[in-house]
Amino acid sequence: MDHFLYRSGTLHAEDVALSDIAQVIGTPFYCYSTATLTRHYQLFTEALSPLPHLVCFAIKSLSNVAVLKTLGNLGAGMDVVSAGEYMRAKAAGVPGDKIVFSGVGKTREEMRIALEGGIRQFNVESEPEMRALSEVASSMGVIAPIAIRVNPDVDARTHEKIATGKSENKFGIPIARASEVYAEAARLPGLDVVGIDVHIGSQLTELSPFEQAYLKVADLTHRLRAEGHDIRRLDLGGGLGIPYARNNEAPPLPTDYGALIKRTVGDLGCEIEIEPGRLISGNSGVLVSRVIYVKNGEGRDFLILDAAMNDLVRPSMYGAHHDIVAVEEPAAGTEQQPYDVVGPVCETGDTFAKARPLPPLAEGDLVAFRSAGAYGSVMASEYNTRPLIPEVLVKGDHYAVIRARPTFEEILARDTVPEWL
Ligand SMILES: *Cc1c(COP(=O)(O)O)cnc(C)c1O
C-alpha cells in the first residue's frame, strides 16, 4: 500500500499533485511520501511487538537526511554501511545507541568515527576486521560492542547480485566456524560480544530462506551460550521484498515475517534487531519524468524521457521492472500501446522497459516510475554530466525540496584545473 493515487485525474503524492511539483521544480525528480514511510515502519514495529526490538532502517536504500529524520522521529534505529551513512544518521538526530554499523570492509578510520560518536554495535564480518576493531577501540580506551555476521549458507532465491547468504558470497563468517571466531572475539580486549548478525540478501519474495537462516541462528545461540557467551541480541538483517509489478507478485507481509521471527527466535530472550530498507522506502517513492520525444522506430515506438539510467539504474543494472504510469489519468477504456521506454544517455543499456503497454503518450507528458524509493536516488550519478536528480518529500498537502538540483555552475565548480594548464 502506498499514498500515490489518482485524484481528479492526476496522480498525487498524498494531497499534492505531482504535476504541480513538476511545474515548480522541473523534471526529473524523486518524490517521497511521509505517510507511506511511516506506515511501513510501523508495520514492522507492530509485527515484532511485544518482543523487545529495534527496527534499524537500512540507510543505503534511501539516505536523504529528511527521510532519516522522518523515521528517526518515529523511534527508528539506523543500519549504516559507511562513515558517510553514519554521519547522515547523526545529522538526522539519531542517537549513536540506535545506530548499527554493517558492512564487509569497514576501515579503521570509519571505526574511529563511529566509536567517537557512539554506536549501538558493529556487525563484524571477518577475523581481520574483528582484530582491527579491537585495536582501534583499545587505542581509544573504549570497548566496541559487536555482533558477528554469520553466513548461514542458505539460498535466498533472489537476484544473484543481491544474494548474500550463500557460502560463496563475500559476507560474514561461515556458521560452522562460529565457535572458533566467537572464542577469539571474547579474548580480544577491545570488544564486547553482544550478539549474532545475519543478512541473507535483498528483495526476498518468500519466507522460507529467512526461516532456514533464523533456525540456524537459534541453534547457534544455544551453542554459543553453552560455550559461555552472553548472546543477548539477534540482528536478523533486512531483505524482505516488495511487489514491483502490481499484478503478479505477492511477497510476504511484515506481519507474517514478524510471526516467523517470533516462531524461530522469539523464545530466546534476546533483543531483536531487523534492518529493513526496501520494504520501508521502496513503495514510498516515485520518480517523475517528462517525455522529451516520441520516436517512431521500425516496428516500435520509443518513449524518450528526461530521466535516464544515471537517475534510476535498477532496470539497467538488475534487469528490474518498475511500473510506469501516466501522471494524467488515462480516460477509462483507453487502449494501451507498446513503447520502448528509454533515457537520453549514450548507451543501449539506458533502457527502462521494452514493449511496455502504456496509454498513448505525447511530448511533454509526465510519467511516474512506481516503487522507486529504494535504491533509486542513492544509486544516481552524474553520468553524462546530468545534474544529480533532486528529491522532494510530501507530507499531507505540503511538500519540500529535500535535495535541490545542482546548477551547472555547482557541478563545474567541483572540478579543479591544475595551475600548469
Ligand atoms: C542491504 C542491506 C540491508 C537492507 O536490505 P533491504 O533488501 O533493502 O531490506 C540490511 N542489512 C544489510 C547488512 C544490508 O547489506
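If you use numbering that gives the first Met the number 0, the sequence shown corresponds to residues 0 to 420, in order. C-beta atoms are modelled at their ideal positions from N, C-alpha and C, and glycine is treated no differently.
Pair within 8 Å by beta-carbon distance, residue i and residue j
i, j, result
"ILE241", "GLY200", "no"
"PHE100", "ALA91", "no"
"PRO27", "ALA306", "yes"
"LEU61", "GLY372", "yes"
"LEU219", "VAL149", "yes"
"ILE401", "LEU392", "yes"
"GLN202", "THR157", "yes"
"GLY276", "GLY236", "no"
"ALA146", "VAL193", "yes"
"ASP191", "PRO144", "yes"
"TYR374", "ARG355", "no"
"LEU17", "VAL287", "yes"
Residue closest to residue i, alpha-carbon to alpha-carbon, out of the options
i, options, result
"ASP96", "PRO343, GLU115, ARG404 and ILE279", "GLU115"
"TYR292", "VAL340, GLU126, LEU278 and CYS30", "VAL340"
"VAL180", "GLU126, ALA403 and GLY189", "GLU126"
"GLN335", "LEU357, GLU346 and ALA325", "LEU357"
"ILE273", "VAL285, VAL54 and SER376", "VAL54"
"ALA319", "PRO343, SER370 and LEU360", "SER370"
"ILE260", "TRP419, ALA217, VAL64 and ALA185", "ALA217"
"PHE368", "LEU304, ILE98 and HIS221", "LEU304"
"PHE301", "ASP14, VAL287, PRO343 and ILE279", "PRO343"
"GLU210", "VAL135, VAL79 and ALA155", "ALA155"
"MET86", "ALA162, ILE172, ALA75 and ASN63", "ASN63"
"ASN168", "ALA57, VAL141, VAL197 and GLY117", "VAL197"
"GLU13", "THR204, HIS52 and LEU36", "LEU36"
"ASP234", "ILE58, GLU84, ASN122 and ILE410", "ASN122"
"HIS397", "ASP1, PHE3, ILE20 and ARG385", "ILE20"
Residue range of the beta strand (DSSP E) that includes residue i
i, result
"LEU10", "9-12"
"SER380", "It is not in any beta strand (DSSP E) - SER380 carries neither H nor E in the DSSP assignment."
"THR347", "Per DSSP, THR347 belongs to no beta strand (DSSP E) and is neither H nor E."
"GLU390", "390-394"
DSSP state of residue i mapped onto helix, strand, coil
i, result
"ARG404", "coil"
"GLU179", "helix"
"GLY76", "strand"
"GLU248", "coil"
"ILE273", "strand"
"ARG231", "coil"
"GLN120", "strand"
"GLU369", "Looking at the sequence provided, one finds Arg at residue 369 rather than Glu. ARG369: coil per DSSP, three-state reduction."
"PRO49", "coil"
"LEU42", "helix"
"GLU362", "coil"
"LYS165", "coil"
"TYR374", "coil"
"SER315", "helix"
"LEU114", "helix"
"ARG413", "coil"
Boundaries of the alpha helix (DSSP H) in which residue i is found, first to last residue
i, result
"LEU70", "64-72"
"PHE170", "Unbroken run through PHE170: none, as it is neither H nor E."
"ARG277", "277-280"
"HIS52", "First-last for HIS52: 52-57, but that is the beta strand (DSSP E), not the alpha helix (DSSP H)."
"ILE24", "17-24"
"ASP255", "253-264"
"ALA225", "207-225"
"VAL135", "126-139"
Rounded distance between the beta-carbons of residue j and residue i, thought under 8 Å
i, j, result
"GLU270", "ARG299", "With 8 Å as the limit, GLU270 and ARG299 do not qualify as a contact, their Cβ atoms being about 55 Å apart."
"ASP152", "LYS160", "Their Cβ separation, rounded to whole angstroms, is 18 Å, which puts ASP152 and LYS160 out of contact at 8 Å."
"HIS39", "SER283", "7 Å"
"GLU108", "SER178", "Contact flag wrong, Cβ pair sits at about 31 Å."
"PHE326", "LEU365", "As written in the sequence, residue 326 is Val, which differs from the Phe given in the question. About 4 Å; that satisfies the 8 Å criterion."
"ALA244", "ASP322", "6 Å"
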